[in-house]
Amino acid sequence: MSDGPARSVNGGAQFGSDTPIDELLDEAVAAINRGDRTTAAELAGRVLAADSMNAEAEDLLAAPADPGEIRRLTIFFADLVDSTVLSTRVEPETYRLLVGRYREQVLNAVRRYEGYIGNTAGDGLLAVFGYPIAHENDVCRAVYAGLEIVREVERLSEQAQRRYGFGIGVRVGVHRGLVYLDTAQGDVYGLAANLAARVSGLAGPGTVVVSDAVEALIRNDFEMTACPASLVKGVADPVVHYHVVAERRERRTTGTGPLVGRARELAEIEKCTALAKVGALTTPGLILVGEAGIGKSRLAAAAVETAQASGAAVVELIGSPFHTDAGLYPIRTLIEHQCRIERNTGQAQRLHALASHLAVLGLDAPSLVLLLAPVLGLAADAGYEPVPAEGRKLYELILEAITTYLRVHLGDGSGLVVAEDVHWFDPASREVLAAMLDASDGTLLVVMTARQDGAVDQLPRCAVLEIGPLTDGESDALVSTLNGDLDTDQRAQVVARGDGVPFYIEQIVKGTSQTGVPETLYEPLFARLRASPTVVRVVEAAAVIGRHVDRQLLYSVVELSDREIDEIVSELEVAGVLERRDLDGWRFRHELLREVAAELAPPTVRRALHAKVADAMTRGSEPDWLRVADHYEEADRFDDAAAAYRRACDTARLRGALGEAITCLTRGLAQLERATSGIDRDRREAGLRLGRGLLNLVAEGYQSRDAATDLERCLRLSGTLTDNDLYLTLVALANYYLVRADLRRAAQVIEALRDGFGQQRWPRAGIDSLEGALAHMRGDLSAAAAALDRATSGARDSGRRSVDNEMHAIYRGVVALMRADLRAAETRLEESARAADAAGFPDGPYLHAFTRSMETWLHMEAGQIARARLSAADLSTDAELHGFDMWLPVGATWQAALRALTAIGAAPVDLDAHIASVTRSLASMRAMGAEIYTTIFDGILGRLLIAAGQPEAARERLDFGLNRAYETGMHFYDAELLRLRAQAAAGSQERRADTVKARELARRQGATLFELRVALDELDFGGRAAADALGSVVDLIPAGAMWPELVRARAALAEPAYDTHAVTTPRDAD
């Protein structure tokens, strides 16, 4: 025993030095990682001078010079308890199986929390958290993984106890400290690694223990109890450690068995059914909540029986654990069942079956087919025209069509919707339930089952009915109902082992007739399977397929004849493992049975089965691509999984489910990270990233950093892209930076486009259009006009219609506006609108939205406020109609600004509310990342503040706009901002200075409209020279341009003070 105090292993003391030990060690670590071993040695020496026993400093001095790193990492060590003793009690094959399952649980948990397994030798497994991926919560991740492993191994132990008569245990230790990381081999060395193993040895079976270095970092996240400090091998002083108790909580289909002990629940169901029959049910939702096997499905079956007895129509929706993030799966399976659509039904036949079914129901089949076909995963090439909407709008239209379908299915009288396993419903399916509940008129009852209340806590107008375990008396009655031949002792054994869970009790009683009373739920199934090896082959394949087992899919996967499979399935039906769903397949009677069956297959067999299932599904006419991807993922077929996720993305996009589509691509990319490196892998990654980047731009707008990250990664992979994909990537990036007013990066991308594609004919117009847009935003109207003229010619000559080729008309209109050529500006924007009309969805509506925004600006500058308000309203309507979320704040900002400008000219009005509204809308627009043209609104706010008698606030806002222009290089509106700032100036000297700056800048840029306004302002103090200047600007205005400023200028020049000034005739427009 040691006489000294317990020693802390986190090294946080200062030992009289001005610099804490930890900081010296961190500096030494940084030095050695950059190759400066001299500095590292000097710092380590300072640590040892203060603490001669500091083992981490000694490790630093002893670190080899070979490539590697010294890091502070969280080290995790899991050890199988008494593995040597265990190996002497069982056969080698059994020992290997148990250790293999234990190791699999550890590996899965560590990988789930993104740790790295370094040493897998023997039954002790060492992992590190913080390498190769570092997180800000790596310590917590390690502890979470440890707790999960303890839970999983406890389950494994229970299974071993049932099968072999003994259990196993695991202990987990977690420490954090300094280690040498061999980056080539992924190994760690040093005291910290050894101490993690020693800390693990202090844990009892089935527990997680952490060192005091870890405890200090996680005490707010986990409940822990201090343990007596203990001596461990190789460490002189007793080690302080803590037992992790738990995470801190404050942070955070139809049953057919007998119904016993549920009088209260039945009474509630019968009461609700009676109220629905007379149209008086005010709370239409009834949620049955309870653990698996507790009898929720049997109560749902009772609800169906009661409803049918009352004459009510019934619709059943079933959730699936394989489709928790797939859109509308319960709805899809219902419609397919009603339409008698089978797995191998072709696309055209599916569409015809859907249309026929809708017609039989008396619905508007031509309209609803367009919205329900995507729910079935049918692409447009199946024979229908997609609805011209995308994103949120398409999503809403589809949900509305589904609720219409369900309401008609239920008829005019009372109806019942049974929604089983709502905890596995995807969000869209839950929205359907919410819509049905909201719209209920008193005749609808919706009975839902869920394992936890949280799965349905957002559903409206619901009552929750908690389903608890049966009492011992009720359990005994259930046992007697199931098998009246059991004696008192046998019934007591079943009651004791069934734990009040009806399904457990049913299974235990069912097994008594063949093998005696099973000790637990597992044995009835396992005992039956062991008697027939061929049954195992079928049931493990069925378990891999899923809860619902398609007959043809099972035939394709299992290497037995169809007759043999049918015979085995019949045995499984008799055993209560499977039950017939329809003529085309079966379902596991309970999900727990499927989980037990899935455990039977060793990992290699399980992976092979997943691969067979996926391959067979792809041979179907319209596979569920998300499920195919899941199977390929489980099979470690990474490339195939990625390809299937891309197909699943296409299906999701058909339904307007952009979030789901993005998730599919993200999961596909995760699979490619595990695929073999090479050109083909990089090409696939570039394709997925391009798709995800473009979808993120639609879904999130140009504030999406995720989109930029993906597109930039595509550029790094440009050697694997096709010319078209590379061009699309660069154009998307250029527009991304233009809309964010990051003109420096936009210029770099446009230069890359010019270098890579400038010699080719087809992309030239798009590149010229981008160059024109960039030059215009910089305020170089001459360069902009030249580039846009080239773009116009190039677009006409290329014959290629695309948004990037048609944008030139918008920018030509904007250049004409700033040059005061009103007629040309209107003509160019009319051309853009016609091009948008000719384009398909989504390019056409997108181009329309941009055109509407520029029309609004044009009309505002021309003083045509009423026309501007109409264009802004059209912009908002188009954005709402087509689900273009990124255009909504733009439309809202324009409308707020125009309401405010209208108020200036009206009767005396308080402008403060209007100013606040425009300020909020502009902030929202900028928050979306749409920085382009925002200085226009800074100018509008300046005008409003001047009109409101707040010149100081006006100057602040205009200075803000000028600063944004300076920061971004977006100078197209600077002359107008300077002119307005002159109007808000505190004195005449400042006003003259800003006016001169505005005039010179407008003339240099060729912004004739702004120069005209400045010249008018200069009349107030410039005398005849100002009049001469005004006249020269008036001469530049094209004929037919009816600017309000032009009318004022001519009127001013006609005044007696300037009657000698000759006003020339306006020149013709170009």
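Counting from 0, one number per residue, gives the positions in the sequence shown under this note's numbering. For each residue, glycine too, the CB sits at the ideal point set by N, CA and C. Values in this document were obtained by computation on a predicted structure and should not be read as measured data.
Helix, strand or coil at residue i [DSSP, three-state]
i       : result
Leu1052 : helix
Pro517  : The predicted model places Pro517 with a pLDDT of 35, which falls under 50 and marks its position as unreliable; any figure quoted below should be read in that light. Coil.
Thr728  : helix
Thr323  : coil
Ile939  : helix
Gly292  : coil
Pro19   : coil
Trp1042 : coil
Tyr241  : strand
Tyr735  : helix
Arg251  : Confidence in Arg251 is poor, its pLDDT being 35 and thus under 50, which makes the residue's placement too unreliable to answer from.
Val537  : helix
Ala311  : coil
Ala656  : coil
Leu577  : strand
Ala302  : helix
Ile167  : coil
Arg529  : Low local confidence applies: a pLDDT of 44 at Arg529 is under 50, so the model's placement there is unreliable, with the coordinate-based value given in what follows. In the structure shown, Arg529 sits in a helix (DSSP, three-state: H, G or I).
Glu830  : helix
Ala981  : helix
Asp909  : coil
Ala235  : strand
Ile567  : helix
Pro644  : According to the sequence as given, residue 644 is Tyr; it is not Pro. Correct three-state label for Tyr644: helix.
Leu287  : strand
Reference residue i, options the options, closest by Cα
i       : options                           : result
Asn196  : Cys461, Val500 and Val234         : Before going on, a small fix: residue 196 reads as Ala here, not Asn. Cα-wise, what sits closest to Ala196 is Val234.
Ser555  : Ala541, Glu566 and Ala964         : Ala541
Gln1004 : Arg777, Trp1042 and Arg588        : Arg777
Arg963  : Glu975, Arg490 and Thr934         : Thr934
Phe76   : Gly164, Val187 and Asp58          : Val187
Leu477  : Arg652, Pro237 and Arg261         : Arg261
Leu571  : Arg956, Val538 and Leu559         : Val538
Ile661  : Leu625, Asp635, Asp679 and Arg673 : Leu625
Pro468  : Lys509, Thr617 and Pro501         : Pro501
Ala640  : Leu436, Glu711 and Val627         : Val627
Asp411  : Arg297, Gly278 and Gly686         : Gly278
Ile544  : Phe883, Ala871 and His630         : His630
Asn482  : Ile507, Leu464, Leu79 and Pro459  : Ile507
Arg739  : Leu333, Ala706 and Gly145         : Ala706
Glu399  : Ala418, Leu367, Phe424 and Ala381 : Leu367
Boundaries (first-last residue) of the alpha helix (DSSP H) holding residue i
i       : result
Thr1036 : Sequence check: residue 1036 is Ile here, not Thr. Taken as a continuous stretch (DSSP letters only), Ile1036 belongs to no alpha helix (DSSP H), as it is neither H nor E.
Pro257  : Per DSSP, Pro257 belongs to no alpha helix (DSSP H) and is neither H nor E.
Pro950  : Pro950 to Thr967
Asp635  : Note, Asp635: premise wrong, no alpha helix (DSSP H); not H, not E.
Asp993  : Ser987 to Gln1004
Host beta strand (DSSP E) of residue i (start-end)
i      : result
Glu558 : Taken as a continuous stretch (DSSP letters only), Glu558 belongs to no beta strand (DSSP E), as it is neither H nor E.
Phe587 : Gly584 to Phe587
Leu125 : Gly123 to Phe128
Val500 : Neither: Val500 is in no beta strand (DSSP E) and is coded neither H nor E.
Val277 : Val277 -> no beta strand (DSSP E), and no H or E assigned at all.
Residue-level contact to chain D via CB, residue i, 9 Å cutoff
i      : result
Ser852 : In the structure shown, chain D cannot be found, because there is only a single protein chain.
Discussion item. Please give the ranges of any beta strand (DSSP E) in the region 426 to 489, keeping only runs that are unbroken, at least 3 residues long and fully inside the region.
Written reply: 443 to 449 and 461 to 465
Discussion item. In chain order, what are the residue ranges of uninterrupted alpha helix (DSSP H) at least 4 long that sit wholly in the region 370 to 433?
Written reply: 390 to 409
Worksheet item: Residue ranges of each beta strand (DSSP E) run of no fewer than 3 residues wholly in the region 172 to 231, ordered along the chain?
Response: 186 to 188, 206 to 210 and 221 to 231
Discussion item. Closer than 8 Å is the cut-off here; do at least three beta carbon pairs connect the region 992 to 1011 with the region 809 to 820?
Written reply: yes
Fill in: Ordered list of alpha helix (DSSP H) runs contained in the region 36 to 107, each at least 4 residues
36 to 49, 54 to 61 and 82 to 88
Worksheet item: So does the region 782 to 792 actually touch the region 977 to 987, counting three or more Cβ pairs closer than 8 Å?
Response: no
Worksheet item: Is the region 757 to 776 touching the region 989 to 999 in the sense that three or more CB pairs, one from each, lie closer than 8 Å?
Response: no
Worksheet entry | Uninterrupted alpha helix (DSSP H) stretches inside the region 746 to 785 (no shorter than 4 residues) | 763 to 777
Worksheet item: Counting Cβ pairs, one atom from each stretch, are 3 or more of them under 8 Å apart for the region 573 to 585 and the region 303 to 311?
Response: no
Discussion item. Under 8 Å: do the region 852 to 860 and the region 352 to 360 share three or more Cβ pairs, one atom per stretch?
Written reply: no
Worksheet item: With a cut-off of 8 Å, do at least 3 Cβ pairs link the region 161 to 176 to the region 84 to 101?
Response: yes
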